[in-house]
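Everything below concerns the one structure shown next.
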Amino acid sequence: MTFRFRDLLALEPLSADELTFLLDQSRPFQAIQRNPLKKLATLRGKTVALAFFENSTRTRISFGTAASRLGADTMNLQAESSSVKKGESLLDTVHTLDAMKPDCLVMRHAASGAADFVARHLEIPVINAGDGTHEHPSQGLLDALTIRDRKGSLSNLNITILGDISHSRVARSNIHLLAKFGCRFTLCGPAMWVPRELESIGPPGASIRRVFRIEEALEDADVVLVLRVQTERLHEPALSAADYILLYQLNSERLRHAKSDAIVLHPGPMNRGVEITPEVADSPQSCVLEQVTNGIAVRMSLLFLLTSGPTEETSAPSAEAQPKESANATD
Amino acid sequence: MLLIKGGRVIDPATQTDATRDVLLDGDKIVEVVQPGKISQDVSTEIFEATGLIVAPGFIDLHAHLREPGQESSETIETGTRAAASGGFTAICCMPNTKPVNDNASVTRFILDRAKATASVRVWPIGAASVGSKGEAIAEIAAMKQAGIVAVSDDGKPIATAKLTRQVMDYCRSLDLVVIEHSEDVSLAAGAVMREGVTSTRLGLAGMPAAAESVCVARDVQLVELTGARLHVAHLSAKASLEQVRWAKQRGLPVTCEVTPHHFTLIDEDVQYDSRYKMNPPLAAREDRDALIAGLADGAVDAIATDHAPHEPALKDVEFDRAPFGILGFETGMALALEQLVHAGKISLMRMVELFTTGPARVLGIERKIAAGQPADLTVFSTTHEWTYDVKQSPSKSRNSPFDGRTFKGGPVATIVAGRIGYKM
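The listed protein sequences correspond, in order, to chains A and B. Under the working numbering, the first residue of the first sequence is numbered 3, with each subsequent residue one higher. Under the working numbering, the first residue of the second sequence is numbered 30, with each subsequent residue one higher.
Put into C-alpha cells, the structure is as follows:
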C-alpha cells in the first residue's frame with residue numbers, strides 16, 4: 003500500500019485501511035525507541051521545518067526529536083520570536099520558510115483550517131501538528147497506537163471522553179480515527195462544552211452519544227480519554243474548577259464504573275487534581291507516558307512516509323527488536 | 030431615440046408579459062407598444078431584443094462600494110461597472126465606508142463621485158447613528174436632503190433597543206425606511222460561520238440562527254411600538270423569516286431581502302475557504318429551503334446581493350482572520366435564474382419582481398415600464414450559457430465562491446437613463 007496523500011492535515015478523510023497502514027508503519031519506530039542507539043540515517047540530508055505559531059512544548063519537542071532520530075535537520079519557527087508578531091501574514095511567513103527549501107513543514111496554528119490553507123499554497127508536504135479546535139492527527143494516531151498495544155485491537159471498544167470536547171482537537175482526531183474501527187463513543191462534560199452537534203461529526207453510522215453524569219458515562223468503558231481542563235483561561239464559557247472537580251474529575255472511585263481493565267489516556271500536560279486525580283494518573287491503568295513515547299514513533303513514521311517520497315512498504319527501516327504479535331507495552 | 034425592439038417585456042407593476050417595442054427618448058420611456066407599431070426614423074438607434082427579456086431596471090438594495098476609504102478593494106467606478114454587468118441599473122450603497130456616511134457631506138461626496146464615475150445609479154444609505162457606533166443619532170434629516178434613500182448601521186445592528194426605537198421614531202417622521210443588519214452581537218461574538226454540525230466538525234466558532242432571529246424579533250416589537258418601516262437586510266434564518274411573516278400578518282410595515290448566496294449555498298459548503306465567509310453566514314439546509322419558500326410565496330420582498338468586495342490580500346488568510354463578505358453583483362441574476370426559475374420554484378415574473386418592484390416598494394418608489402418613466406431597463410437572457418470568470422471582473426476584488434461556475438442565462442444589456450451602460 004502507498005499513502006495517497008501528500009500531506010497529513012486531518013484524520014477525517016482517511017479510511018480504516020489507511021489508518022491501519024499508518025499505525026503499522028509506526029511499529030518499527032516504536033521498537034527503535036527501546037534501542038540504546040536511537041538515531042537512524044534514513045532522512046540524512048533532509049530538512050524538516052517546524053513552524054509553531056501557537057505555543058507548544060511537548061508536540062514541538064516530539065516532532066523535533068522524531069526528525070533528529072531520522073537524521074534530518076530541523077528549522078524552527080516559534081510564535082514569540084517570529085515575524086508573525088511583526089504583522090507578517092501567515093502566507094508570507096510560510097512562503098519565506100519554504101524558500102529556505104525544507105522538505106516538509108510541520109505546523110501548529112491557533113486557527114482551525116490553517117494547515118489546510120497553507121497546504122493549498124505550498125508544494126512540500128504539510129503535517130498538521132494541531133490546528134485550532136479542528137484536528138491533531140499525530141495525537142490521534144499515537145493514542146490509537148497506545149490503545150492498540152494495550153487492547154490488542156481497536157475494534158468495537160467503548161471510548162469515554164471527558165472534558166471540553168467542543169474545543170478539543172484531540173477529541174476530534176480520536177473520534178475520526180477510532181469510529182472507523184467500530185468504537186462507540188460516550189462524551190461527557192458540562193453541557194456547554196458538549197454540544198449535541200458532536201453526535202453527528204463522525205462517519206456515517208458512528209455511535210456517539212452524550213451523557214452528563216460521569217458515573218453513567220464511564221459504565222463499560224474500555225478506554226477513558228481525559229482532556230486537559232485549562233483552569234486559567236479558555237473554555238467558553240468559563241466554569242469554576244470547583245464545579246468541574248465536583249462533577250467531572252476522574253478519580254479512582256468513579257473509574258471503578260469502567261471495565262476493570264479499562265485504560266486511561268491524557269494528551270497532557272495534566273492538571274493533577276483538576277481533571278484527573280494523581281492516584282488515577284499514576285495507576286497501572288494510566289498510559290500517559292506510553293503515549294509520549296509512542297508520539298515519537300508515530301511522528302518518525304509520518305516524517306519518513308511523507309518526506310522520503312513515494313516508497314514501497316518494504317523500504318521502511320526494520321528494527322532488530324521488532325515486537326511480535328500484539329505487544330503489550332507495559333510488559 | 031433608442032428602440033428596444035422585439036423583446037419579451039416582463040413588468041410586474043403592470044403585469045405585462047408580452048412582446049413589445051420600447052422606445053426611449055433621452056432619459057425617459059416614451060412608448061411601449063406592440064411590435065412594428067413604432068415608425069422609426071433614421072436617427073433612431075435600434076437594440077434588437079428578439080429572444081430576450083426586457084424588464085424594468087434591476088435595483089440592488091444592498092451593496093458595499095468601499096469609497097471613500099477602502100479604494101484598494103473597490104471604488105464607485107469599479108463597483109458600478111460590476112453592477113452594470115450584473116444587470117443592475119441602481120444600487121444602494123451601505124454607509125460603512127471610511128469615514129462612515131453619517132453626515133450630508135459624505136453623502137454629497139458619494140453622489141458627486143457617482144455623477145463623475147458611475148455606470149449605474151447610486152443611491153446612498155445613511156448611517157443610523159454617528160459613526161454607526163450606536164450612541165448618538167446621525168444627521169439623518171440633512172442626509173435625506175442630500176439624497177439618502179434609507180438608514181442603516183449595516184455591518185452591525187443598531188446597538189441597543191432604545192436607540193433602535195429612537196431611530197425608528199425619527200425615521201417614521203422623515204418617511205425613511207430603517208434597514209437593519211439583524212444580529213445579537215453577544216450571541217455572534219467570535220463566530221466565523223453558522224453554528225451546526227459543519228462548524229463543530231471543522232472546529233470553527235459558530236453563531237446560532239438565533240443570533241439573527243432574536244434581533245428580528247426585537248425589531249418587529251419595536252415596529253409595533255413606533256409604526257416605522259423596517260427592512261430586514263440579508264435575512265438568512267428560517268426563524269427570522271417566521272418573525273417577518275408574523276409581522277406581515279399583523280399588517281406591520283416590515284419587509285425583508287434575501288441574498289443569492291443564502292438561497293444557493295449552505296453551511297455544509299464551507300471548507301476553510303474564505304470565499305465562503307460572510308455575515309450572516311451560510312445557513313443550514315432547512316433555512317435555505319425556507320428562504321426559497323419565502324421567495325416564492327411573497328414573504329420575501331427582494332433579492333439583494335450584499336456585494337462586499339475585499340481585496341485579495343485581506344481575504345487570502347486563515348479562515349478565522351478573513352473579513353466577512355463576498356462579491357455579488359455579477360452572479361446575482363444568474364443564480365436567481367438557476368436556483369429559482371430554472372429549478373421551478375418561482376416564475377420569471379416573480380423573479381423580475383424580486384429585483385424591481387419588490388425593492389422599489391421597500392424604498393417607497395415606483396418601478397415600471399410605461400411612458401413617462403425613467404429609461405432604466407435590464408435586458409437579459411434565460412438561455413445563453415456562460416461561465417463566470419472572476420479574473421475578468423470589473424470589480425477590484427476577487428472574493429467570489431462562484432468563480433468558474435457555468436450559468437444558463439444572465440444579463441445582456443443594462444440601460445440607465447436611456448444610455449446603454451453595459452452590453453454583453
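For glycine and all other residues, C-beta sits at the position ideal for the given N, C-alpha and C.
Shown here for G387(B): same chain residues with a beta carbon closer than 7 Å to its own, the five before and five after excluded, namely D330 and A331 in chain order. When Cβ-Cβ separations below 9 Å define contact, R230(B) makes contact with chain A. The C-beta distance from F384(B) to F87(B) rounds to 4 Å, short enough to meet the 8 Å contact threshold. When rounded, the separation of the alpha-carbon atoms in L179(A) and L24(A) is 11 Å. Around the CB of N130(B), 16 or more other CB atoms lie within 10 Å, so the residue is classed as buried. Cβ contact annotation for E281(A) (same chain, cutoff 6 Å, sequence separation greater than five): S254, in chain order. Using a C-beta cut-off of 8 Å, the segment 33-44 of chain B makes no contact with the segment 284-304 of chain A, since fewer than three inter-stretch Cβ pairs fall below that distance. Around the Cβ of P423(B), a 10 Å sphere holds 16 or more other Cβ atoms; the residue is buried.
Counting other Cβ atoms within 10 Å of its Cβ, V221(B) reaches 16 or more and is therefore classed as buried. A Cβ-Cβ distance of about 6 Å is found for the pair G401(B) and K57(B), placing them in contact under the 8 Å criterion.
The count of Cβ pairs closer than 8 Å, one atom from the segment 21-36 of chain A and one from the segment 196-204 of chain A, stays below three, leaving the stretches out of contact. If you check the CB distance, K41(A) and S64(A) do not come in under 9 Å.
For the segment 214-230 of chain B, the set of residues with a beta-carbon nearer than 7 Å to any beta-carbon of chain A comprises G225, V226, T229 and R230, in chain order. For Y305(B), no chain A residue has a Cβ inside 9 Å of its Cβ, as the nearest lies near 11 Å away.
For L229(A) against I126(A), the beta-carbon gap comes to about 32 Å, at or over 8 Å, which does not count as contact. Look at the segment 272-306 of chain B: the residues with a C-beta under 9 Å from a C-beta of chain A are Q300, Y301, D302 and S303.
Looking at the DSSP output, H111(A) bridges to D133(A). By the Cβ test, the segment 348-364 of chain B is in contact with the segment 435-451 of chain B, since at least three Cβ pairs between them sit closer than 8 Å. Between the segment 42-59 of chain A and the segment 276-291 of chain A, the count of Cβ pairs shorter than 8 Å is below three; the stretches do not touch. R396(B) carries a coil assignment under DSSP once its states are collapsed to helix, strand and coil. When C-beta distances to chain B are compared with 7 Å, the residues of the segment 168-184 of chain A below that value are R171 and R174, in chain order.
The DSSP assignment places complete beta strand (DSSP E) segments of no fewer than 3 residues inside the segment 198-272 of chain B at 206-209 and 259-261, in order along the chain.
Annotated three-state conformation of S202(A) is helix, per DSSP. Per DSSP, K452(B) is one residue of the beta strand (DSSP E) stretching across R448 to K452. As for any alpha helix (DSSP H) of minimum length 4 sitting wholly inside the segment 79-151 of chain B, the runs are 105-114 and 133-146, ordered along the chain. In this structure, A113(A) lies away from E212(B), with their beta-carbon atoms at least 9 Å apart.
In this structure, L10(A) places its C-beta atom within 9 Å of the C-beta atom of P139(A). Here T136(B) is buried: its Cβ has 16 or more other Cβ atoms, across all protein chains shown, within 10 Å. Fewer than three pairs of CB atoms, one per stretch, sit closer than 8 Å, so the segment 169-189 of chain B makes no contact with the segment 108-115 of chain B.
Residue state for H290(B) is assigned as helix, using DSSP reduced to three classes.
When C-beta atoms of the segment 277-291 of chain B are compared with those of the segment 306-319 of chain B, three or more pairs fall below 8 Å, so the two segments count as touching.
With a threshold of 9 Å between beta carbons, I163(A) makes no contact with chain B. According to the DSSP assignment, T416(B) belongs to the beta strand (DSSP E) that extends over L406 to T416. Shown in chain order are the members of the segment 318-351 of chain B whose Cβ falls below 8 Å from a Cβ of chain A: A342, D345, V346, E347, F348, D349 and R350. For P197(A), the chain B residues whose Cβ falls inside 7 Å of its Cβ are T229, in order along the chain. A Cβ-Cβ distance of about 6 Å is found for the pair V120(A) and V128(A), placing them in contact under the 8 Å criterion.
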